[in-house]
Amino acid sequence: MVNFTESSILWIDASRRLTSTELAEFGDQGFKLKQFGLGQLSSAELSLADVVIIRPINGLDELDQIKNLLQQSARTPVIVVRLGLDQFELGIEAMKRGVGTVVSAENINASDWLNIIADLDLPKNYNQPAYVFVDPTSRKLLALTERVAETDVTVLLAGPTGSGKEVLARILHESSPRHAAPFVAFNCAAMSESLIEDMLFGHEKGSFTGATKAQPGLFEQAQSGTIFLDEVGEMSFQLQAKLLRVLQERTVTRLGGQKPVTLDLRVIAATNRDLKEAIEERVFREDLYFRLSAFKITLPPLRERPLDILPLAHQFLDTQLSKGSRATITPEASEMLVSYSWPGNVRELQNVIVRAQVLSSQGLIQPDHLVFDDIAREDNDDSQWRDYPVFNKPKLNQDVKADKLATEDGALKAKVKASNAHQAESLSRAIKASEREIIMSVLHESKNREQAAEKLGISPRTLRHKLQRFRKDGMAVTAAYVR
Numbered sequence: 001m002v003n004f005t006e007s008s009i010l011w012i013d014a015s016r017r018l019t020s021t022e023l024a025e026f027g028d029q030g031f032k033l034k035q036f037g038l039g040q041l042s043s044a045e046l047s048l049a050d051v052v053i054i055r056p057i058n059g060l061d062e063l064d065q066i067k068n069l070l071q072q073s074a075r076t077p078v079i080v081v082r083l084g085l086d087q088f089e090l091g092i093e094a095m096k097r098g099v100g101t102v103v104s105a106e107n108i109n110a111s112d113w114l115n116i117i118a119d120l121d122l123p124k125n126y127n128q129p130a131y132v133f134v135d136p137t138s139r140k141l142l143a144l145t146e147r148v149a150e151t152d153v154t155v156l157l158a159g160p161t162g163s164g165k166e167v168l169a170r171i172l173h174e175s176s177p178r179h180a181a182p183f184v185a186f187n188c189a190a191m192s193e194s195l196i197e198d199m200l201f202g203h204e205k206g207s208f209t210g211a212t213k214a215q216p217g218l219f220e221q222a223q224s225g226t227i228f229l230d231e232v233g234e235m236s237f238q239l240q241a242k243l244l245r246v247l248q249e250r251t252v253t254r255l256g257g258q259k260p261v262t263l264d265l266r267v268i269a270a271t272n273r274d275l276k277e278a279i280e281e282r283v284f285r286e287d288l289y290f291r292l293s294a295f296k297i298t299l300p301p302l303r304e305r306p307l308d309i310l311p312l313a314h315q316f317l318d319t320q321l322s323k324g325s326r327a328t329i330t331p332e333a334s335e336m337l338v339s340y341s342w343p344g345n346v347r348e349l350q351n352v353i354v355r356a357q358v359l360s361s362q363g364l365i366q367p368d369h370l371v372f373d374d375i376a377r378e379d380n381d382d383s384q385w386r387d388y389p390v391f392n393k394p395k396l397n398q399d400v401k402a403d404k405l406a407t408e409d410g411a412l413k414a415k416v417k418a419s420n421a422h423q424a425e426s427l428s429r430a431i432k433a434s435e436r437e438i439i440m441s442v443l444h445e446s447k448n449r450e451q452a453a454e455k456l457g458i459s460p461r462t463l464r465h466k467l468q469r470f471r472k473d474g475m476a477v478t479a480a481y482v483r
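The sequence shown begins at 1 in the UniProt record's numbering and counts up one residue at a time.
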């Protein structure tokens with residue numbers, strides 16, 4: 001018998017939050033239940049859910065908002081609507097819009113919900129693991145994460161964009177003693193400074209024009225649980241000072257308020273920036289860095305955990321089961337997926353798989369169906385997708401400038417003689433090879449092409465033309481860098 005209590009359930013009710021006792025009762029029944037306000041939901045949150053339970057207070061507007069978010073989601077959870085006994089006609093309309101079932105809003109008994117969810121037509125893959133850790137590097141990362149989760153230490157997650165920092169934050173929460181309490185995620189770069197301050201700290205009635213009622217901030221909403229601050233490196237200096245105060249005193253004061261609210265929560269922050277470099281540039285507070293990085297976990301890019309690529313790809317395929325579209329990846333396509341460097345990491349892999357399913361026919365994903373984000377594919381040229389050269393990276397000063405590319409002929413000849421004496425290359429090609437070696441090394445050590453151009457002391461346009469010239473001359477240049 002399938003244990004349906006392993007499903008992920010989102011509970012949305014703007015009129016009344018479940019108490020800690022009620023949450024504990026759901027936990028005792030085996031439910032993995034999280035409650036949110038509608039404004040906190042995202043397509044990413046919904047993509048991990050199997051059941052969404054919502055209590056609409058403005059007709060079915062909230063239901064429509066969830067359906068709009070689901071258009072961006074790779075997964076379709078079952079929606080359950082809670083309505084009052086006098087809302088019979090609204091219940092009929094909700095069923096017409098495709099919800100799984102309608103139940104009484106007064107029923108919050110955890111044992112009753114066992115029967116309600118057992119009767120739902122859940123997708124066959126609803127209780128599959130949401131995370132993939134196959135590669136040895138990933139397994140070590142998971143073991144470390146689960147160990148850290150047992151403590152209440154503040155964690156800083158560092159890694160490139162799309163590498164799975166929010167996934168790891170959720171594992172930290174779900175593996176911790178706080179797993180039955182809320183997990184609140186917030187992107188610190190998504191809004192203006194004033195709006196971020198209001199969202200995080202909340203406000204009192206009348207604290208500013210339009211503040212018609214008191215509103216608790218996300219810190220208060222995450223009480224007893226975990227708050228995840230994504231892209232914390234983008235937070236303004238002023239807000240950094242306020243965040244530092246919250247971390248030091250474990251209290252928060254709403255905008256326009258006088259009374260501090262004591263906090264009992266865990267803070268997890270994430271960044272794709274080099275915060276030590278940001279400290280040197282005086283755009284990030286050193287004292288805040290040390291508060292956030294009580295324990296720092298660095299996520300490797302997807303290319304450094306290649307054994308995760310195909311399991312992730314198959315998982316993204318399986319999430320489409322409820323939409324009636326499943327496909328199989330051919331060995332040739334699998335080889336291309338593993339060979340690709342994945343500059344966009346897991347997020348790019350998901351995009352590629354979704355596109356491939358759209359383009360595939362007869363349920364078979366072929367190489368021609370794989371459309372990558374950052375590679376300009378040439379007609380009838382598949383070799384660039386399979387054979388990505390491994391570059392020998394010389395140790396270069398991070399401040400290398402254009403003058404190192406314009407080294408005098410004597411120095412260049414000496415370098416060429418030392419490294420390529422066994423090859424019968426012309427002098428001009430050897431000089432180009434040396435220049436290419438330096439450029440590719442700086443690219444490999446940089447976050448993006450713009451940063452590499454800055455280190456080399458040339459414009460991004462000049463760098464692009466050089467890379468295109470190298471490839472035209474027959475030199476091995478990863479296609480992702482050419483574009």
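C-beta: ideal position from N, C-alpha, C; glycine also.
With 16 as the cutoff for other CB atoms within 10 Å, does residue i come out buried or exposed?
i	result
Ala143	exposed
Gln221	buried
Ser163	buried
Met95	exposed
Thr21	exposed
Leu85	exposed
Arg82	buried
Leu364	exposed
Arg305	buried
Gln362	exposed
Arg170	buried
Ile12	buried
Ile329	buried
Val252	buried
Met191	exposed
Ala327	buried
Val346	buried
Gly225	buried
Pro331	exposed
Val358	exposed
Gly210	exposed
Ala189	exposed
Ala452	buried
Asp308	buried
With distances taken from CA atoms, which of the options is nearest residue i?
i	options	result
Gly100	Ile117, Trp342, Gly225, Phe470	Ile117
Ala185	Ser176, Leu200, Glu193	Leu200
Gly91	Arg55, Asn115, Ile9, Lys67	Arg55
Leu10	Asp50, Glu281, Glu280	Asp50
Lys213	Glu280, Asp198, Ile279, Pro136	Asp198
Gln223	Thr19, Ser441, Val102, Gln258	Thr19
Leu317	Leu243, Pro77, Asn351	Asn351
Asn448	Pro460, Leu243, Leu63	Pro460
Ser446	Arg282, Phe295, Asp274, Val80	Asp274
Val78	Ile53, Gln65, Leu229, His314	Ile53
Leu263	Leu247, Ala278, Gly257, Asp308	Leu247
Leu243	Asn107, Lys140, Gly217	Gly217
Pro301	Met235, Asp61, His444	His444
When the Cα atoms are used, what is the spatial distance from residue i to residue j?
i	j	result
Lys32	Ile227	17 Å
Arg178	Lys276	30 Å
Glu435	Gln468	13 Å
Ala105	Phe290	46 Å
Pro260	Phe208	19 Å
Leu23	Asp368	49 Å
Ala110	Ser138	36 Å
Pro182	Phe470	53 Å
Arg97	Glu89	13 Å
Arg17	Phe36	9 Å
Lys205	Ile458	53 Å
Val148	Leu172	7 Å
Lys165	Thr154	15 Å
Ser293	Asp373	33 Å
Glu174	Ile438	45 Å
Should residue i be counted as a contact of the ligand NAD given a C-beta to heavy atom distance under 6 Å?
i	result
Val134	Among the ligands in the structure shown, none appear at all, so the ligand NAD cannot be discussed.
Are residue i and residue j close, meaning C-beta to C-beta below 7 Å?
i	j	result
Ala269	Leu156	yes
Asp152	Arg266	yes
Trp342	Glu335	no
Arg355	Val338	no
Pro160	Asn272	yes
Val132	Leu312	yes
Gln240	Arg303	no
Opposite residue i in the DSSP bridges: which residues?
i	result
Lys296	Leu156
Lys34	Leu10
Gln468	None, per the DSSP bridge assignment.
Thr251	Thr262
Shorter than 7 Å from the beta carbon of residue i to some beta carbon of chain D?
i	result
Glu89	Judged by its chain identifiers, the structure shown contains no chain D, having just a single protein chain.
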